[in-house]
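Peer 1: Once you've had a glance at the structure underneath, I'll fire off some questions.
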Amino acid sequence: MEYGKQFNARHQYDGEGGRSFVRELRRLASRAWENDMPAELEKLLEQLVEGSRSNNVRRHLLLHPLEDFEMAVKRVEDLEKLEAVTAAPQEYLAVGHYGAQEVGHQAWQRG
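Take any residue in the sequence shown, note its place counting from 1, add 314, and you have its number in our numbering.
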């Protein structure tokens, strides 16, 4: 398959970090548009948005477009970190009926 087609078809895999995805996009772009740096950067930005597996990342990059590719990559990394933190199970402190402090979701289940 031609590099341009591979580039356009490339999407971020489940479990693939932003840096790995960007590294692969760069590799394909450099082969598809060897002597056209402005076109390559524009297409990299577009495919970073289109190929991201995260709806939140895509939405953010569409609502807050960045012209600098490195800044866009940094933003993607920051958003991925934020998603990982917010998706992780959260421990919280709750006070039970008798004033005993309980940690975790069990406190809510005992209601």
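Virtual Cβ for every residue (Gly too), placed ideally from N, Cα, C.
Being a predicted model, the structure only gives us computed values, none of them experimental.
#1: Taking serine 366 and valine 390 to be in contact with their CB atoms under 8 Å, please state how far apart those CB atoms are, rounded to whole angstroms.
#2: For glutamine 326, does the three-state DSSP call read helix, strand or coil?
#3: When DSSP labels each residue in this structure, what does glutamate 381 get in the three-state scheme?
#4: With a threshold of 6 Å (Cβ to nearest heavy atom), would leucine 377 be considered close to the ligand SAH?
#5: Quick check: what's the CA-CA separation for serine 334 versus arginine 341?
#6: What is the C-beta distance between asparagine 370 and leucine 393, in whole angstroms, given that I count them as a contact (C-beta under 8 Å)?
#7: How many Å lie between lysine 388 and glycine 332 at the Cα?
#8: Which one of Asp382, Glu330, Tyr317, Arg372 has the shortest CA to CA distance from leucine 355?
#9: With DSSP collapsed to three states, give me the class of proline 352.
#10: Going by CA-CA distance only, name the one from Ala398, Arg372, Asp328 that's closest to leucine 359.
Peer 2: So, to answer that:
#1: For a cut-off of 8 Å, the C-beta gap from serine 366 to valine 390 is around 7 Å, short enough to register as a contact.
#2: coil
#3: coil
#4: Among the ligands in the structure shown, none appear at all, so the ligand SAH cannot be discussed.
#5: Taking the Cα positions, serine 334 is about 11 Å away from arginine 341.
#6: 6 Å
#7: 9 Å
#8: Per the Cα distances, Asp382.
#9: helix
#10: When each option's Cα is compared against that of leucine 359, the closest is Arg372.
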